[in-house]
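Position 229, counted from 1, in the sequence shown is what numbering that gives the first Met the number 0 calls 228; the numbers after and before it change by one each time, with no gaps. The beta-carbon is built from N, C-alpha and C at its ideal position, and this holds for glycine as well. Please read these numbers as outputs of a predicted model, since none were measured by experiment.
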Amino acid sequence: MPTLTVNGADLAYDDAGTGHPLLLVHAGIANRHMWDPVWDAFGSRFRVIRPDLRGFGETPAATEPFTNWQDLAELLRGLDALPAHVIGVSSGGSASLELAIMAPDLVDRLVLVAPGQAGWSWAAQLNADWEAEEAAWQRGDRDEVAWSNVRTWVDGPLRGGEAPADLRQAVFDMYRPALELQAVDGAVDSANLEPPAPGRLGEVAAPTLVVVGELDQPDMMDIGEHLAREIRGARLARMPGVSHLPPMEDPDAFSALVIEFLEAR
């Protein structure tokens with residue numbers, strides 16, 4: 000597992016394949032291995048790079064201020080992978096959007112999958128879920144923090160029950176160790192972009208595909224529709240039968256959708 004020192008942090012990453020660079024940015028409940036189900040499909044057509052962001056997988060948490068978009072920019076520069084197509088999921092989508100705004104010369108095409116958005120007015124149920132998660136964190140029940148996120152984001156509110164057991168366990172197994180990394184004294188999260196990205200969507204120059212799962216939280220579908228309207232020329236794709244992590248839930252359909260977009264002329 001190689002690492003690259005980026006802005007004072009040793010980022011773990013994988014780099015495989017040949018061709019146009021493709022950066023894969025994981026969700027905030029996962030790590031770089033969430034891309035395993037689509038790794039071969041993408042690696043057969045692109046040079047694929049997938050880092051563990053700070054506090055996930057094999058990359059330590061930060062104790063000094065940082066931004067994920069700057070880490071991603073320096074990773075691409077350090078690996079001479081410019082410009083790159085960029086795919087980001089959830090909070091990884093937020094970081095990818097910020098990268099496209101702040102370093103447009105580094106981003107060729109952009110795929111935002113179930114991206115979050117700073118300042119969004121979240122539904123009451125999501126706020127209640129987050130309050131319960133915070134209570135579990137405060138009492139030191141990190142297993143419950145992880146399972147709470149599985150219920151919120153993997154099961155979701157529209158599936159009519161639990162997601163497949165292997166998917167639920169895979170996400171738990173990625174997120175639970177991250178909670179230990181993030182529990183170190185002085186750990187900090189990535190700082191938000193200033194001015195925030197929601198007011199700067201007109202600055203996105205890269206051709207953009209926004210992907211949402213039809214079983215995801217309704218807020219995420221609303222955000223996806225908003226981004227597709229506000230980013231110039233963006234396309235919205237709704238994936239049936241999946242929630243918040245389409246690359247893991249339906250890798251064949253996801254990879255086909257994304258490859259078609261990335262290779263379109």
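The Cβ atoms of VAL112 and GLY92 lie closer than 8 Å to each other.
Annotation for ARG108: the continuous beta strand (DSSP E) segment containing it runs 106–112.
A direct Cα-to-Cα measurement between GLU229 and LEU256 gives close to 21 Å.
Rounded to whole angstroms, the gap between the alpha carbons of PRO206 and TRP136 is 39 Å. Distance check between VAL47 and each of PRO239, ALA29, ASP13, GLN69 places ASP13 closest, using alpha-carbon atoms only. Shown here for ALA15: same chain residues with a beta carbon closer than 7 Å to its own, the five before and five after excluded, namely GLY42, VAL47 in chain order. Under the DSSP definition of a beta bridge, PRO50 partners with TYR12. Contact annotation: the segment 134–150 does not touch the segment 217–236, with fewer than three C-beta pairs closer than 8 Å.
Here the segment 180–199 makes no contact with the segment 71–82; the two share fewer than three CB pairs at distances below 8 Å.
Contact annotation: VAL210 and PRO239 have beta-carbon atoms that are not nearer than 8 Å. A buried status is given to ARG53, since no fewer than 16 other beta-carbon atoms sit within 10 Å of its beta-carbon.
By the CB criterion at 8 Å, THR58 and ALA186 fall outside the cutoff.
Note on geometry: alpha-carbon atoms of GLN181 and PRO1 lie some 21 Å from one another. Distance from the CA of GLN124 to the CA of GLU133, rounded to the nearest whole angstrom, comes to 14 Å. Between PHE55 and ASN30, the CB-CB gap stays under 8 Å.
GLY139 has its alpha-carbon roughly 11 Å from the corresponding atom of GLU179. Separation of the CB atoms of PRO36 and MET247 is rounded to 6 Å, and the pair is thereby assigned contact status at 8 Å. Counting only runs of 4+ residues, the alpha helix (DSSP H) found wholly inside the segment 76–162 occupies 90–101, 123–137, 141–148, in chain order. Counting only residues of its own chain and dropping the five nearest sequence neighbours on each side, LEU109 has a CB closer than 6 Å to the CB of VAL85, ALA99, ALA205, THR207. DSSP places LEU214 in the coil class of the three-state scheme, outside both helix and strand. VAL37: member of the alpha helix (DSSP H) spanning 35–42, first to last residue. For ARG175, the three-state secondary structure derived from DSSP is helix. DSSP places ALA252 inside the alpha helix (DSSP H), whose first and last residues are 250–262.
In terms of Cα proximity to THR17, the closest of ALA40, VAL5, ALA131 is ALA40. Here LEU22 really is in contact with ALA83; their C-beta atoms are around 5 Å apart, less than 8 Å.
With contacts defined as CB atoms closer than 8 Å, SER189 and ASN67 qualify as a contacting pair.
Under the DSSP assignment, LEU3 falls in the beta strand (DSSP E) whose first and last residues are 2–5. DSSP places PRO20 inside the beta strand (DSSP E), whose first and last residues are 20–24.
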